[in-house]
Structures are given as C-alpha cells and as structure tokens.
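Enquirer: Its first residue numbered 9, the sequence shown is counted upward by one per residue in this note's numbering.
Just so it is clear, CB atoms sit at the ideal spot from N, CA and C, and this is done for glycine as well.
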Amino acid sequence: MKIGELAKLTGCSVQSIRHYEKEKLLASLRRSDGNFRLYDSAKVDQLKFIKHCRSLDLSLAEIRQLIELNQQPGMGCEDVNRMIDSHIEQVALRINELQDLQDKLMALRNSCASQSTVKECGILQTLSVTQK
C-alpha cells in the first residue's frame with residue numbers, strides 16, 4: 009500500500025509517517041515503479057504501536073528502544089519495566105508542577121473581584137509587581 013492508505017488505516021498523518029521514517033522508527037522496504045514508498049500490513053501494526061506509544065507521551069528515543077527490545081522476544085523485560093517506571097516518575101513530577109501552577113493561578117484569580125474595573129484589577133496589579 010502507498011503512504012496515503014497507510015495514513016488512513018492508522019489515523020496517522022502522512023507527515024508523521026515520513027517523520028517516523030526519518031527517525032528510523034518505520035521503514036518502507038520497497039518502492040513502486042513510480043518510486044512511491046510501499047508498505048505492508050506489518051507496517052500498519054508497527055505504526056499503530058508507535059502511535060500508541062506517542063499517546064502515552066513516550067519519546068521517540070524510548071519508542072526506538074522499545075522497538076529494538078520487541079525484536080528480541082527471548083530477552084527479559086527488565087529494561088522495559090525500568091523505562092516505564094521512569095516515565096511514571098516523570099509524569100508524577102509534571103502532575104505536581106501542574107498542581108503548583110493551578111494553585112498559583114487560583115490565588116491570582118482570587119485577587120480580583122468580578123465587579124472591579126481594569127484599573128482596580130488585582131490580577132493585573134499582581135502581575136505588574138516585579139518577581140524576584
């Protein structure tokens with residue numbers, strides 16, 4: 009199949025497919041007589057795997073490592089577990105950072121009454137104060 013059909017089957021853009029090829033996550037093994045890239049059903053599965061990993065916010069380097077590990081079915085999965093454990097820690101850290109940001113935004117919002125004018129706006133006054 010051509011790249012457009014692969015994109016339709018996987019819900020992935022042609023641009024993303026080309027990017028994954030450039031990053032060596034996906035390879036088109038053959039070309040048509042008109043020099044179009046050709047893909048088989050295994051590439052559909054591989055692209056769905058990549059897309060699923062991206063939906064979990066895994067980096068391209070992590071996905072590359074998972075693809076390499078997946079090609080060694082007899083190997084232990086300790087490396088996979090370590091990678092996901094590390095990713096869980098990173099997500100927890102980001103959640104904490106976002107919670108802190110939400111708290112700051114809520115405090116900022118609470119500094120302004122709904123009935124005040126822009127001149128009296130507590131949000132703008134607070135934002136105008138030089139931060140150290």
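Going by C-alpha to C-alpha distance, which of S67, E86 and F44 sits closest to V22?
Expert: Comparing Cα-Cα distances from V22 to each of S67, E86 and F44, the minimum goes to F44.
Enquirer: Under the DSSP definition of a beta bridge, which residues are partnered with L68?
Expert: Paired residue(s): none; L68 is not in a bridge.
Enquirer: Report yes if the C-beta distance between I58 and L37 is below 8 Å; otherwise report no.
Expert: For I58 and L37, no; Cβs fall outside 8 Å.
Enquirer: Does the separation of the CB atoms of I25 and L55 fall below 8 Å?
Expert: Yes, the Cβ-Cβ distance between I25 and L55 is below 8 Å.
Enquirer: How many Å lie between D41 and L101 at the Cα?
Expert: The straight-line gap from Cα to Cα measures roughly 51 Å.
Enquirer: Under a Cβ-count criterion, where at least 16 other Cβ atoms within 10 Å of its own Cβ denotes burial, should K51 be classed as buried or exposed?
Expert: Result: buried.
Enquirer: My output table needs one value for L46: the three-state DSSP class, helix, strand or coil.
Expert: Three-state DSSP puts L46 in a strand.
Enquirer: Please state whether the Cβ-Cβ distance between H95 and L66 is less than 8 Å.
Expert: The answer is yes: Cβ separation under 8 Å.
Enquirer: For the structure I just gave you, are there three or more beta carbon pairs, one from the segment 128-136 and one from the segment 104-120, closer than 8 Å?
Expert: Counting Cβ pairs under 8 Å, three or more are found: they touch.
Enquirer: Starting from D41, trace the alpha helix (DSSP H) both ways and give me its first and last residue.
Expert: It is not in any alpha helix (DSSP H) - D41 carries neither H nor E in the DSSP assignment.
Enquirer: If L68 and E31 are in contact, beta carbons under 8 Å, what's the gap, nearest whole angstrom?
Expert: Between E31 and L68 the Cβ distance is about 5 Å, and since that is below 8 Å, they are a contact.
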